[in-house]
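Note sheet for the following structure.
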């Protein structure tokens, strides 16, 4: 159910084509890890992050708590969503993505601008940006089996260890392919929009980050053309962070995770949170990893309340 939609917002407005004037937006994807609830806190620190980042549209994941019996292969959310509380603190419109399907795990979309009715599977909403229609989609993919752990021999659930790119791509397609199919079905609703945005905790790295150069630098074990990001690239979407910072060796941009140390043999730090955009005349004016003060962060906010860093970009079209 979309909330705080302006009275009089009608289908004719949402179907409007691109405005003549250039539109500029700050867009963000942020796994909020229960909005503080997983550590017994309120939403105040999460709200502070969003105020510092100042996004116009943000896809948030994990608006509810991890279940009490959470395991690698079974972890349903519990409790109430904090999306409403966060949106009210910011003065934003919001849409709680309450459907249960392969592409959602306690998601919500927040916007400075009015939100219209959701797509069939609840993955996206139209947003009226001063008369220009923008569609925002927000997903949270399955994390098990997690192919970086499979490749590195890190135990996580019942998945077997693997060694090759082909095996990684096969497991990734089996794990997240059905969710991507739902996303592409829902994106048909966005035909004619001035811009389409895709946010999410993909629980899968980027094809731009597991390259031969990165392997040669010792940062990844093998080159992999990861299929979820590749599929979006083939559909014309731009990885906004890599559009500004194209060198993954110099700028690994890890979003998973600010917790622990990167040399921990029982974990592997990576970029799995993304903000994609597609629009005629798209320009990416800036892009930042938002997180705790430290070498992996472009925009620091302390204290940092999540087990993920966030991705922020400024675009125009």
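In this note's numbering, the protein residues as written are 2 to 318. In this text, a Cβ means the ideal position worked out from N, Cα and C, and glycines have one as well.
Among all the DSSP beta bridges, which residues are the ones paired with residue i?
| i | result |
| --- | --- |
| residue 159 | 157 |
| residue 60 | 30, 110 |
| residue 235 | DSSP lists no partner for residue 235. |
| residue 135 | 128, 196 |
| residue 218 | Looking at the DSSP assignment, residue 218 forms no beta bridge with any residue, so it has no partner. |
| residue 305 | The partner list for residue 305 (beta bridge, DSSP) is empty, contrary to what the question assumes. |
| residue 267 | None, per the DSSP bridge assignment. |
| residue 285 | 316 |
| residue 257 | 271 |
| residue 67 | 78 |
| residue 1 | No answer is possible for residue 1: it lies beyond the span of the chain, which begins at 2 and ends at 318. |
| residue 300 | 291 |
Where do the ends of the alpha helix (DSSP H) carrying residue i lie?
| i | result |
| --- | --- |
| residue 171 | 166-187 |
| residue 196 | Counting along the chain, residue 196 falls outside any alpha helix (DSSP H), though it belongs to the beta strand (DSSP E) covering 196-202. |
Per DSSP, what kind of secondary structure is residue i in: helix, strand or coil?
| i | result |
| --- | --- |
| residue 152 | helix |
| residue 291 | strand |
| residue 242 | helix |
| residue 46 | helix |
| residue 362 | Since the first residue shown for the chain is 2 and the last is 318, residue 362 is missing from the structure and cannot be characterised. |
| residue 25 | strand |
| residue 105 | coil |
Can you name, in chain order, every residue of its own chain whose Cβ lies under 6 angstroms from the Cβ of residue i, other than the five neighbours on each side?
| i | result |
| --- | --- |
| residue 308 | 34, 258, 260 |
| residue 44 | 36, 37, 83, 86, 87 |
| residue 244 | 285 |
| residue 299 | 289, 290 |
| residue 80 | 65, 66 |
| residue 221 | 211, 215 |
| residue 127 | 15, 117, 134, 136 |
For residue i, which residues of its own chain have a beta-carbon under 8 angstroms away from its beta-carbon, when the five flanking residues on both sides are left out?
| i | result |
| --- | --- |
| residue 59 | 28, 29, 30, 31, 51, 110, 111, 112, 200 |
Are residue i and residue j close, meaning C-beta to C-beta below 8 angstroms?
| i | j | result |
| --- | --- | --- |
| residue 104 | residue 180 | yes |
| residue 148 | residue 162 | no |
| residue 287 | residue 301 | no |
| residue 217 | residue 135 | no |
| residue 230 | residue 240 | yes |
| residue 26 | residue 316 | yes |
| residue 250 | residue 223 | no |
| residue 66 | residue 78 | yes |
If I follow the unbroken beta strand (DSSP E) through residue i, where does it start and stop?
| i | result |
| --- | --- |
| residue 313 | 311-317 |
| residue 83 | Element bounds for residue 83: n/a, residue is neither H nor E. |
| residue 274 | 274-280 |
| residue 97 | 94-98 |
Among residues of its own chain, excluding the 5 on either side of residue i, which ones have a beta-carbon nearer than 7 angstroms to its beta-carbon?
| i | result |
| --- | --- |
| residue 102 | 122, 183 |
| residue 176 | 143, 146 |
| residue 213 | 224 |
| residue 47 | 33, 36, 37, 87, 306 |
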